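A.B. asks:
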Amino acid sequence: MTDGIELLAGFLAAAVRVATPLLLAATGETISERGGVINLGIEGSMLAGALAAAIGSSAGGPWSGLAAALIAGATLAAVFALVSVHAGADQIIAGTAITLGAVGLTGAVYRAYYGTAGAGLSIPTLAPVEVPVLAEIPLLGAALFAQPLTTYFAVALVPATWWYLFRTRGGLALRAAGESADGARAAGVRVRATRTLAVVAGGALAGLAGATLVLAQVGTFSERMTAGRGFIAIAIVVLGRWHPGGVLVAALFFGAATALQFVFQASGTAVPYQLFLMLPYVLALLGLAGAVGRVRAPRDLGRPERAS
Amino acid sequence: MNARPGRGRVVAPLLIVAASLAGLAGVLAIAGYDPVLALGALWRGSLGSFDAFASGTLVRATPLILIALGFALALRGGMLNIGAEGQFLAGAMAAAWLGVHLAGWPSLLAIPATWVVAFAAGLIWVVVPVVLRVRYGVLEVISTLLLNFVAEALVSFMVQGPLQERSGIYPQSDPIADAARLPLLPGTRLHLGIVLAILLAAALWFYFSRTLGGFRLLAVGTGPRAAAITGRIDVTRTAALALLVSGGIAGLAGAAEVGGVAYALYPNLSPGYGFTAIAVALLARLHPGAIIVTGVLFGALETGAGAMQRDAGIPAVIVYVVEAVIILALLLADARRTARSPAVAGAA
Amino acid sequence: DRPAPDSSSSFRVALITPGSIADAAWNSGAYAGLLRIRDSLGASVSHVEALTPAAQEEALRSYAAQGFDIIFANGFEFQEPAERVARTYPDAVFVVNSGSRAAGKVIPLVFRIEEATYLAGMVAGGLSRSGIIGFVGGVELPPVRRGERGWTNGARAVNPAIASRVTYLNNWEDAASGREAALALLRLGADMLHHNADAAALGAFQAVKETEGAYIFGANADQSSLAPDRVVGSAVIDLAHAFLLVAREVRGGTLRSEAKSFGLAGDVLRFVPNPRLAGVVPAALSARVRAAADSIASGRLDPLRGEEPGP
Amino acid sequence: MIPPALQLRNIHKRYGSTTALAGAALAVEWGETHALLGENGAGKSTLLRIAGGLERADGGPIEVGGGRAVIRSPRDARRLGIGMVHQHPTSIPSLTVAENIALTAGWRVQPREIRGRVLELSGALGLPIDPDSYAGRLPIALKQRLEILKALAARARILLLDEPTAVLAPLEAEELLRVLTGFAGVGNAVVIVTHKLREALSAASRVTVLRHGAVTLVGNSDTETPDSVSRAMLGGAGRPEPSATRSDARTSEPPAIRLQALDVARDGRYGIALRGAALSVLPGEIVGIAAVEGAGQRELMRAVAGLIEPLRGVLEVRQPVAFVPEDRTTEGLILPLSLAENMVLGMGEQAPGVAGALVSWKAASAATADLIARFGMTAAGPEAQAGTLSGGNQQKLVLARALARNPKVIVAENPTRGLDVAAAAEVHRRLREAAAGGTAVLFHSSDLDELLALSDRLVVASGGVLREPERRDRDLVGRMMIGAA
Ligand SMILES: Nc1ncnc2c1ncn2[C@@H]1O[C@H](COP(=O)(O)OP(=O)(O)OP(=O)(O)O)[C@@H](O)[C@H]1O
Ligand SMILES: Nc1ncnc2c1ncn2[C@@H]1O[C@H](COP(=O)(O)OP(=O)(O)OP(=O)(O)O)[C@@H](O)[C@H]1O
Ligand SMILES: [Mg+2]
Ligand SMILES: [Mg+2]
């Protein structure tokens, strides 16, 4: 009985762990897509953030790692913004190229910095922080209130993003830019500047997501370690309907599906493991279909502002 | 301007590409590599000799061109199919499945048969996104993307399970029958797939530019409301059909890769052709003829990248950076021609 | 430290890897082998990453056409393309790591990793308190599966009631997934882990470090340094050494057209205990492991079938 | 002397080979309402867009309040107190009315607060609007109203309006002009573009007339007459006489449109828009539908055009039917496509150049060039994008295309919206011509005068019910429209 509860608690904690980097990246992508820019380069920003976190933390501790990750993620996103927002080039290709470049760049820098031996498990990490009292709650306590700081930050970001998007002038301008670049411009919004900021902020959060993998989870870096999480974050944005709250739910859902996948495999069934590997994606598809009503993207998503 | 096939100039883009290559040479030199050697290898390994061109560049270009053609077809109708990777794998699975059973068939039947099943498999792989889009309004961008991951897992399952080779040890299928293998250009690795790609490009070019159906597809993609009200076009049906066929074409690419290159199903059949092909199609502004050119360009880039590693000792990771810079440069050059892209035209 | 084509040497060796050479195991080991051949034999060397069948055959052909003497191809998937290319270029030697059969100058290298993992499994079976052991695999490839089979059989040899759990990640890079997979195994009671997941396994080491009473066994290289208090030992393949042996034979003209297989009998494959944890392993268990090693080396024990060593 | 509120001098603007403005000028004093007139394509919108920061002139100085002004963006314009109401609404469809206003005005985004401020503003101006509606869902008249509210909320002192009354019913238009003159009267400035000359001369104190991008007349509205103005617009040709001939309904033939006990659901929403409708239109007959927004006229037109499946009842329409939709920019045309392509879009298999499944774009272009010439459209050519046409020329394209099909039935929503006087007269002539050739015409117009002038028979739609007035009487019809008779 208590065993069952412990397992459940462990499962919930795993779901939250898996969800955290996805939530960070997806929240960032929500901001950028609300502004009308779809950034497939966040996979690259995440990877760059992961490496920057590793190097930063090796050099100056976890906090330096976090700062370095933010900067690295934002820098790649800035390059992306330069090409796609300012030059008006295609966002899908630009994002793919940024990710490809990030794979190469992180690989080269990693090899140069850590040599052939790699980083091992030498990187200083962020210890989980227990929230007093709350962490004692049975079942949920350990899952939700004994997590690394990045998790709390990711969750706190959800209402903050909501507030920004729906309760501030900047957020309104951002949404306007995403819905109709022409309309926003006519209303006095500086569309390119607005979009650039959103993309860079999104990239910084993706960098932080990468840092979470390194500093709050594995304590090391490996090439291509983000393994497509950036693309999954983009799926989560859609699943969450471009809404911070929805994105939170979708990220947790995805985290839970993935955690469940591992539990299934580890409990040793005869079912081919590949079916479990498909599970999160199939569930996400079902979730998309089951979500009540129609999903609508920001109208000008993917369209550069016309040069005037 | 819009999703129209482009009528842009070529000179400025070429200048930008040249400038960025010069910049690259500088960066390589700073990083301690011999830029002349590196760029020389890039050239020699891709376009510098007939063998490199035929056996390397064109072989790599074939799946890119095919997938890009399908992508262009769908996007012309406003559907953004970023799941070609999955459809490609579906086609490859089907072609391998049939291909191993065709011993004794005449090639004239065996090859078309694998193409038909692969087309069907790719098409079936997009049925779910189409139904989700039509019935539930789920954006095909996302459903096709998610299905890529499912396809990967499915291939992994197939090569360990139903399609695994006879000895049951290796995660790959049995080799397909000789009859199902595509004929090669003698002395090279260039296979019949390139002919398929060129014929399909010609057919799509004709369809896009000379037929009412091709125009109506464009209308659906650029102005769905006007297409429905003024053009009296069944917008949903038209777009759905385009997406289905684009899936089928990606499936064909899978068949060509199995029948012309790999001769068996392997899990690592695609290095992300589905994504590279998007760049191929968009840079070509969805124009079928231009897709052949951009497809060859990207094929050359990927083949040349190998040569840079082999012949100039440049590590793969640096080569990725080089590729990324070249793509971004092409993109910037291209963006100067026109300011608008159709990227998510079907989103609303 | 990179290979640059150096035409001064007449002995030319190439390596094709199906993935990054910074994977902390399979490909990095092969790359180390390439460098060792360069340094020991003065060969001029070249390397390329080739991820797909199209790129792989292209790489094989290019090297063969350029007259390389040996082309190491680091994976079973090169077997058939290598045979095809060898028909056109009969002079080159193609060494297919983990390949399936010898065919002319296409020579497979087979590492009987199960012989070492069997020993690791024995230790794990003896040390496990929960009676559950776990294995994290990258992609389900033949050597990975053989390693897991050896590991499980070894544990059963010591404790027939042991339960062995397996999780596959379907990639080699995702260390965070490696950690989650390990944590799930540990939550479900496993206390001894083993892996064959290259860089992704780093996450499993991290998970073990964080979990009280859990231990792990390294793979491919001596991984004790990753978690000195938690790594009981490693099933080591000295790929570099094997590469050097093969290269020497080619150079000396003594290489025969047959599969080259490496097991505990040679000095390529070993089970290397972590000296820091020597005290954890009871002497009796150590002795059994040593005896099993002898039986395997002398061919009396097949780790894939898991028969007890005869008296 | 007080410097003018807004002064543009010697403004030039070219688009490729098209000259939109060739030395145009405009001077507006504080306190005045200024009408900017000209035929379709004369350059009115372009001139306003330059003052509003949406386009940049190739040359020519702009002064605001006497000071030299650099206007690079709508943002700059707003800073200078210039507000603009565009020919086509620019509100953001998926934001609410309140959000759209807050965005333009730069208000803090507090839902309750902005809702209150919107209600206050709209109340004070006498332009009521629901702050919580999504802008995209508003009927076109309210969309227009929202544009004006946005400009005023942003505290514009100089208001530029591009055909704000084109989409309004006469009463709404009067109401709006009253608000605008009031706004100007308290020391602000208003520029209004319109094709309704009477309206211009009565509401504005001064007029400027453009022709081919240059000024042909600046005058006081007291001294100018519709005739003098239209001579300036058309280059001395004088005002076209509206023809008053009635068409001959062919009573011997069966009706081309027949509906009986027809129920139609509300377009895109729940509920029934049209109940038990009965109507017959004979070949050769022109029937006008008078209605205020939401009375069921939209559903009637679209059901007859075959775009909405009726719920029940009889609906017989002779084919082919040509439909002229109300919203030319999203329903009638695909703006990024060329004129030739838009022609093929509308005519389908019957388009010149189309043979079976094949299209010859050369032939289609030639036919489109012919259409451009016959309808006197100002366009760079058949390959020009529809989006580069002036509003009125876009409308001409939609009409020309519909007529070119030789349809048995024409269904038109506001067919002359945005057309200049001459062009509107030309359209009326062509519709009559079509009717004379046996085509049945069913049209709706928000302009009662147009309805009375063009239709052989008038039907009023009100509250989802169709009724025929006893007399063709402006007052009676007006009262029936709002359900007061
Ligand atoms: N973006 C553009 N590209 C090319 N030509 C344009 C563009 N915008 C306007 N034009 C051309 O400039 C001329 C003036 O257009 P403008 O819209 O100012 O006319 P207008 O007086 O407002 O006409 P209308 O009464 O029909 O609205 C037209 O010939 C039009 O085709
Ligand atoms: N009955 C109507 N009268 C006037 N305009 C209408 C009517 N119905 C729809 N429209 C207009 O047509 C356009 C599209 O309407 P539609 O109902 O298709 O919106 P939608 O696509 O469902 O919106 P969304 O996707 O944002 O939910 C809107 O601009 C709307 O104002
Ligand atoms: Mg809709
Ligand atoms: Mg105009």
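Protein chains in written order, with my numbering: chain A, 1 to 308; chain B, 1 to 348; chain C, 1 to 311; chain D, 1 to 485.
C-beta atoms are modelled at their ideal positions from N, C-alpha and C, and glycine is treated no differently.
Source: prediction; values computed, not measured.
(1) What does a CB cutoff of less than 7 Å around R181(B) pick up in its chain, not counting 5 residues either side in sequence?
(2) What do you reckon, is the C-beta of Q395(D) under 7 Å from a heavy atom of ligand 4?
(3) Using the Cα positions of P382(D) and T188(B), report the straight-line distance between them to the nearest angstrom.
(4) Is any heavy atom of ligand 1 found at a distance shorter than 7 Å from the C-beta of G279(A)?
(5) T167(C) CB to nearest chain B CB: under 8 Å?
(6) Could you check what DSSP says for D162(D) in three-state terms: helix, strand or coil?
(7) Hey, is Q87(D) close to ligand 4, as in C-beta under 7 Å from one of its heavy atoms?
(8) Could you tell me whether any Cβ in chain B is nearer than 8 Å to the Cβ of V48(C)?
(9) Is DSSP giving H12(D) helix, strand or coil here?
(10) Spell out a yes or no on whether the segment 75 to 83 of chain D and the segment 19 to 32 of chain D are touching, meaning 3 or more CB-CB pairs, one atom from each, closer than 8 Å.
(11) So, under 8 Å CB-CB, A38(B) and L28(B) are touching, yes? Tell me the CB distance rounded to an integer number of Å.
(12) Can the beta-carbon of A72(A) be found less than 8 Å from the beta-carbon of A48(A)?
(13) Thinking C-alpha only, which one of N97(C), S98(C), V106(C), P81(C) is nearest D91(C)?
(14) Can you tell me whether G185(D) sits near ligand 1, meaning its C-beta is under 7 Å from at least one heavy atom of the ligand?
(15) At 4 residues or longer, and completely inside the segment 129 to 173 of chain A: list those alpha helix (DSSP H) runs for me, N to C.
(16) Is it right to say M158(B) is buried, meaning 16 or more other beta carbons lie within 10 angstroms of its own, or is it exposed?
(17) Do the CB positions of V218(A) and L245(C) come within less than 8 Å of each other?
(18) Taking R206(D) as part of the beta strand (DSSP E), name the residues at either end of that continuous run.
(19) If you scan the segment 278 to 362 of chain D from start to end, which runs of the beta strand (DSSP E) of 3 or more residues do you find wholly inside it?
(20) Looking at the strands, I want to know which residues DSSP matches up with K150(D).
(21) Using DSSP bridges, identify the partner residues of L488(D).
(22) Could you round the C-beta distance between A163(C) and G131(C) to whole angstroms and report it? I think they count as a contact, below 8 Å.
(23) In the segment 158 to 174 of chain A, which residues sit with their C-beta less than 8 Å from some C-beta in chain D, listed in chain order?
(24) Please tell me whether Y15(D) has its Cβ less than 8 Å away from any Cβ of chain B.
(25) Per the contact definition of three or more C-beta pairs closer than 8 Å, is the segment 45 to 59 of chain D in contact with the segment 102 to 120 of chain D?
(26) Where L70(A) and G392(D) are concerned, what is the direct C-alpha to C-alpha distance, given to the nearest angstrom?
(27) Closer than 8 Å, CB to CB, is S58(A) near chain C or not?
(28) For V218(A), name the three-state secondary structure that DSSP assigns.
(29) Give the secondary structure of Q164(B) by DSSP, where H, G and I count as helix, E and B as strand, and everything else as coil.
(30) How many Å lie between E136(A) and Y164(A) at the Cα?
(31) Considering E63(D), what are the terminal residues of the beta strand (DSSP E) in which it resides?
(32) Cβ of G213(D) versus every heavy atom of ligand 4: is any distance shorter than 7 Å?
(33) Can you look up F149(B) in the DSSP assignment and give me helix, strand or coil?
(34) Look at the alpha carbon of G288(D) and the alpha carbon of L442(D), and state the distance between them as a whole number of angstroms.
(35) Which residue's Cα is closest to the Cα of Y266(B): E152(B), A110(B), E302(B), L244(B)?
(36) Less than 8 Å between the CB atoms is what I'm expecting for V85(C) and A43(C), so what's the real figure, rounded?
C.D. replies: This is what the structure gives:
(1) G259, Y263
(2) no
(3) 49 Å
(4) The question names Gly, but residue 279(A) is Leu in the sequence shown. Of the heavy atoms belonging to ligand 1, none sits nearer than 7 Å to the Cβ of L279(A).
(5) no
(6) strand
(7) Yes; taking the cut-off as 7 Å, the Cβ of Q87(D) has a heavy atom of ligand 4 nearer than that.
(8) yes
(9) strand
(10) no
(11) 5 Å
(12) yes
(13) The shortest Cα separation from D91(C) among N97(C), S98(C), V106(C), P81(C) belongs to V106(C).
(14) no
(15) 140 to 145, 149 to 167
(16) In the assembly as shown, M158(B) is a buried residue. Its beta-carbon has 16 or more other beta-carbons within 10 Å.
(17) Taking a C-beta distance under 8 Å as the contact criterion, V218(A) and L245(C) do not qualify as a contact pair.
(18) 206 to 211
(19) 286 to 290, 312 to 317, 321 to 324
(20) Beta-bridge pairing links K150(D) to no other residue.
(21) Look at the range of chain D in this structure, 1 to 485, and you will see that residue 488(D) is not part of it.
(22) 6 Å
(23) F166, R167, T168, R169, G171, L172, A173
(24) no
(25) no
(26) 52 Å
(27) no
(28) If DSSP states are grouped into helix, strand and coil, V218(A) belongs with the helices.
(29) coil
(30) One Cα belongs to E136(A), the other to Y164(A), and the distance between them is close to 33 Å.
(31) 62 to 64
(32) no
(33) Secondary structure of F149(B) (DSSP, three-state): helix.
(34) 6 Å
(35) Checking every option, the nearest Cα to that of Y266(B) belongs to E152(B).
(36) Contact flag wrong, Cβ pair sits at about 20 Å.
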